[in-house]
Amino acid sequence: MLFQIFASFFKIGAFTIGGGYAMIPLIKNEVCTKRGWITEDDFLDGLAAAQSAPGPIAVNISIYTGFHAHGYSGMLMAVLGSVLPSLIIIVAIAMLFHQYAEQTMVKRAFSALRPAVVALIAVPLLQMAKKSGLSLKNAWFPLLIAVLVGALNVTPVYLILLTIVYAVWEARK
Amino acid sequence: MIYLQMLITFIKIGLFSFGGGYAILAMIQQEVVLKQAWITEAEFIQVVAISQMTPGPIAINAATFIGFQKGGILGSLLCTFGVILPSVIIMLLITLTYLKLKKQAWFQNIFKRLRLLSLGLIAAALIMILGHAVKDLFSVTIFVLSFIATWRFKLNPFTMLIVSAIAGILFGSA
Numbered sequence: 003m004l005f006q007i008f009a010s011f012f013k014i015g016a017f018t019i020g021g022g023y024a025m026i027p028l029i030k031n032e033v034c035t036k037r038g039w040i041t042e043d044d045f046l047d048g049l050a051a052a053q054s055a056p057g058p059i060a061v062n063i064s065i066y067t068g069f070h071a072h073g074y075s076g077m078l079m080a081v082l083g084s085v086l087p088s089l090i091i092i093v094a095i096a097m098l099f100h101q102y103a104e105q106t107m108v109k110r111a112f113s114a115l116r117p118a119v120v121a122l123i124a125v126p127l128l129q130m131a132k133k134s135g136l137s138l139k140n141a142w143f144p145l146l147i148a149v150l151v152g153a154l155n156v157t158p159v160y161l162i163l164l165t166i167v168y169a170v171w172e173a174r175k
Numbered sequence: 020m021i022y023l024q025m026l027i028t029f030i031k032i033g034l035f036s037f038g039g040g041y042a043i044l045a046m047i048q049q050e051v052v053l054k055q056a057w058i059t060e061a062e063f064i065q066v067v068a069i070s071q072m073t074p075g076p077i078a079i080n081a082a083t084f085i086g087f088q089k090g091g092i093l094g095s096l097l098c099t100f101g102v103i104l105p106s107v108i109i110m111l112l113i114t115l116t117y118l119k120l121k122k123q124a125w126f127q128n129i130f131k132r133l134r135l136l137s138l139g140l141i142a143a144a145l146i147m148i149l150g151h152a153v154k155d156l157f158s159v160t161i162f163v164l165s166f167i168a169t170w171r172f173k174l175n176p177f178t179m180l181i182v183s184a185i186a187g188i189l190f191g192s193a
């Protein structure tokens, strides 16, 4: 059981390109349908929590499902499984990248990859904006944060702590 | 000492990024590029491209890559461990209490507000890399084309980056 939890998450981590959001449907299929470790309702509750909690969503959901499947040891196995493939693959790439970074071909590839990365961040930003219920009434808040952090170099940590305090006060009043 | 600082920095990144991979990238930019100056803005953009093109969670990929560049294998282990440590603690607490907490108005409101804040943080990250990444006719063209391909035609990010890399090799400059 414990090894199977590790193997399931390792497989998903090793073969899913595109980050946490791409991993979620595969995790759901594996742990709900294929293995039956957790019910679909429980999984969806966990997914909502994983998106709320800080940190990588894929890691958060593996903590939740691993714990549901087999307590603390299940949680540990799920986390190791979802993180280890990245660790191994990236270390291998980082070792190679060091040798090839100065090659003309690599430099030319990155001259196009740089603007592509900007688009890569801009598109999910717009998608997240649509999903998070952004409206004319509350758009001032992310805009203010963008200006404070992007232009005035305010540390986000203070803004996050202030936001938490404000949110609690706002809900209580 | 640098190892301890890497661990602490990535614990902070893991603790204060809400909304998944892109929010974490925004925090990495704040802490690793702007505050610690461990990598440059251009290297940060490389890290984002590589993290997206390889399997696994983007945040883990980025933490491992930066950790390796800064401190070899030990560095990559420490940064990855750091970025997931807050997740493990907080997610465990949530797993044990979530069903009770999710009905509380103040609890819901915290995450509603933090999601909006994350939008602002990611927008700030975007503003900061824009100047480094989009500066001539070639890069403007690539930006517009890749934006339309992903936004309008739902091209997946991996294919989009591969096509961009090929375009760069053929038409780009070193």
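Going down the list, the protein sequences come from chains A and B. Numbered according to the numbering used here, the first sequence spans residues 3 to 175. Numbered according to the numbering used here, the second sequence spans residues 20 to 193. Glycine included, C-beta positions come from ideal geometry on N, C-alpha and C. Just so it is clear, the structure is predicted and the values come from calculations on it, not from any experiment.
{"Asked": "Own chain, CB closer than 7 angstroms to phenylalanine 11 (chain A), minus 5 neighbours either side, in chain order", "Found": "Ser64, Ala80, Gly83 and Ser84"}
{"Asked": "Cross-chain neighbours of phenylalanine 8 (chain A) in chain B, by beta carbon under 7 angstroms", "Found": "Result: empty, since nearest Cβ-Cβ is about 15 angstroms, beyond 7 angstroms."}
{"Asked": "Bounding residues of the alpha helix (DSSP H) (the contiguous stretch that carries asparagine 31 (chain A))", "Found": "Premise fails: asparagine 31 (chain A) is in no alpha helix (DSSP H) and is neither H nor E."}
{"Asked": "C-alpha gap between methionine 72 (chain B) and lysine 175 (chain A), whole angstroms", "Found": "46 angstroms"}
{"Asked": "Glutamine 49 (chain B) beta carbon less than 9 angstroms from that of isoleucine 148 (chain B)", "Found": "no"}
{"Asked": "Uninterrupted alpha helix (DSSP H) stretches inside the stretch 53-128 of chain B (no shorter than 4 residues)", "Found": "60-72 and 77-120"}
{"Asked": "Proximal residues to valine 159 (chain B) (C-beta, below 8 angstroms), its chain only, five neighbours per side dropped", "Found": "Val153"}
{"Asked": "Per DSSP, the bridge partner or partners of isoleucine 21 (chain B)", "Found": "Answer by DSSP bridge pairing: none, since isoleucine 21 (chain B) is not bridged."}
{"Asked": "Residues of the stretch 33-60 of chain A with Cβ closer than 8 angstroms to any Cβ of chain B, in chain order", "Found": "Asp47, Gly48, Ala50, Ala51, Ala52, Gln53, Ser54, Ala55, Pro56, Gly57, Pro58, Ile59 and Ala60"}
{"Asked": "Asparagine 140 (chain A): contacting residues in chain B (beta-carbon distance under 7 angstroms)", "Found": "Leu135"}
{"Asked": "Contact under 9 angstroms by Cβ, arginine 116 (chain A) with isoleucine 64 (chain B)", "Found": "yes"}
{"Asked": "Uninterrupted alpha helix (DSSP H) stretches inside the stretch 137-171 of chain A (no shorter than 4 residues)", "Found": "142-152"}
{"Asked": "DSSP three-state assignment for phenylalanine 37 (chain B), whether helix, strand or coil", "Found": "strand"}
{"Asked": "Whole-angstrom distance between methionine 25 (chain A) and isoleucine 166 (chain A), CA atom to CA atom", "Found": "29 angstroms"}
{"Asked": "Own chain, CB closer than 8 angstroms to tyrosine 102 (chain A), minus 5 neighbours either side, in chain order", "Found": "Val108"}
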